[in-house]
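Engineer:
There are 2 protein chains.
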Amino acid sequence: MARNTGQKDAVRRVMKAAKRPLNPQEVLERALADIPGMGIATVYRHLKSLNETGWLVCVDLPGEGTRFELASIAHHHHFKCDTCERVFDVPGCAQDVEGLAPDGFVVDRHEVLLFGVCPDCSTP
Amino acid sequence: MARNTGQKDAVRRVMKAAKRPLNPQEVLERALADIPGMGIATVYRHLKSLNETGWLVCVDLPGEGTRFELASIAHHHHFKCDTCERVFDVPGCAQDVEGLAPDGFVVDRHEVLLFGVCPDCSTP
DNA sequence: GTGGATGCAAACTCTTTGCACCTTG
DNA sequence: CAAGGTGCAAAGAGTTTGCATCCAC
Chain Y
394 MARNTGQKDA VRRVMKAAKR PLNPQEVLER ALADIPGMGI ATVYRHLKSL NETGWLVCVD
454 LPGEGTRFEL ASIAHHHHFK CDTCERVFDV PGCAQDVEGL APDGFVVDRH EVLLFGVCPD
514 CSTP
Chain P
394 MARNTGQKDA VRRVMKAAKR PLNPQEVLER ALADIPGMGI ATVYRHLKSL NETGWLVCVD
454 LPGEGTRFEL ASIAHHHHFK CDTCERVFDV PGCAQDVEGL APDGFVVDRH EVLLFGVCPD
514 CSTP
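Taken in sequence, the protein lines are chains Y and P. The numbering used here puts the first sequence at residues 394 to 517. The numbering used here puts the second sequence at residues 394 to 517.
Here it is in structure tokens:
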């Protein structure tokens, strides 16, 4: 996937514009505005290659497929609303998270997921 | 799933004996020792109902299917070894994790995942 | 005896892959 | 023009469901 094509540009544009992690289906829906007729397989192929080059990172949440977001955004975590199912970025990081591991475990990465109700859903 | 059957007992026994989160396939393999001929669908059905009653909780990790473990064990988190792929329980919890959420978000649950190398894999 | 539980196989969902055709460089 | 990218459809993996049969109560 080294060649520059309209499809690849569309995926990059969609991911840059996203304010939250997107799944392949959401990426396709947004990319279709630029490239009518684009196929889901092409989305998967580009997400995979952009992830392998380190431009995108995976965001996995319980009970749903993999989402992706830009690798370049600052260290942060995620909040999933139990009501509307949307996923939000949460800036910052708890202290001492990696210190939790028992002696002998070497931690080089961590992920924090919060679950609850987002502002939109808690004030009807 | 309110009736007491050998299959249900087998799933409960397997889960109680497990020292780490198990996926449905692992549960079936262990249950087959007690109930030869048991089907994977029955495992899924019992895992689902035991989860709905709150006896089991889901443990989702990036890049793999859902695992389950007893809900009764103390609040803890998980460590996945990038080398041997095993998943370990990590006792305790970081301070202020739920305080990360921006104003307006109501947090009622959280999950922390650590990734790195376990003691077995770091001392060859 | 009766309704819930089970095993099997088919259905479903999500993701990947094979292939003929099209596009970029 | 050649190498690589694309869309479609089929193939896979994991999970759920329909149904006839079986078993706990």
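Yeah, the Cβ is synthetic: ideal placement off N, Cα and C, and Gly gets one too. Since the structure is predicted, the reported quantities are computational estimates derived from the model, not experimental observations.
1) Taking residue 433 of chain P as the reference, which of P:460, P:486, P:419 and P:497 has the closest Cα?
2) Considering only residues of the same chain and omitting the five flanking positions on each side of residue 487 of chain Y, which have a CB-CB separation below 8 Å?
3) Please state whether the Cβ-Cβ distance between residue 475 of chain Y and residue 509 of chain Y is less than 8 Å.
4) Measure the Cβ-Cβ separation of residue 507 of chain P and residue 491 of chain Y and say whether it is below 8 Å.
5) Do the stretch 463-483 of chain P and the stretch 461-472 of chain Y make contact, defined as three or more Cβ pairs closer than 8 Å?
6) In terms of alpha-carbon separation, which member of P:456, P:501, P:415 and P:454 lies closest to residue 436 of chain P?
7) With burial defined as no fewer than 16 other Cβ atoms inside 10 Å of the residue's Cβ, what is the status of residue 473 of chain Y: buried or exposed?
8) Between which two residues does the beta strand (DSSP E) harbouring residue 509 of chain P extend?
9) So, is residue 422 of chain P buried or exposed, given that buried needs 16 or more other C-beta atoms within 10 angstroms?
10) What in chain P is Cβ-close to residue 429 of chain Y, meaning under 9 Å?
11) Classify residue 495 of chain P as buried or exposed, calling it buried when 16 or more other Cβ atoms lie within 10 Å of its own Cβ.
12) How would you call residue 477 of chain P, buried or exposed, if buried means at least 16 neighbouring beta carbons within 10 angstroms?
13) Grouping DSSP H, G and I as helix and E and B as strand, with all else coil, what is residue 425 of chain P?
Structural biologist: In short, the structure shows the following:
1) P:419
2) 505
3) yes
4) yes
5) no
6) P:415
7) buried
8) 499-510
9) exposed
10) The premise fails here: residue 429 of chain Y is roughly 32 Å from chain P at the closest Cβ pair, so nothing lies under 9 Å.
11) exposed
12) exposed
13) coil
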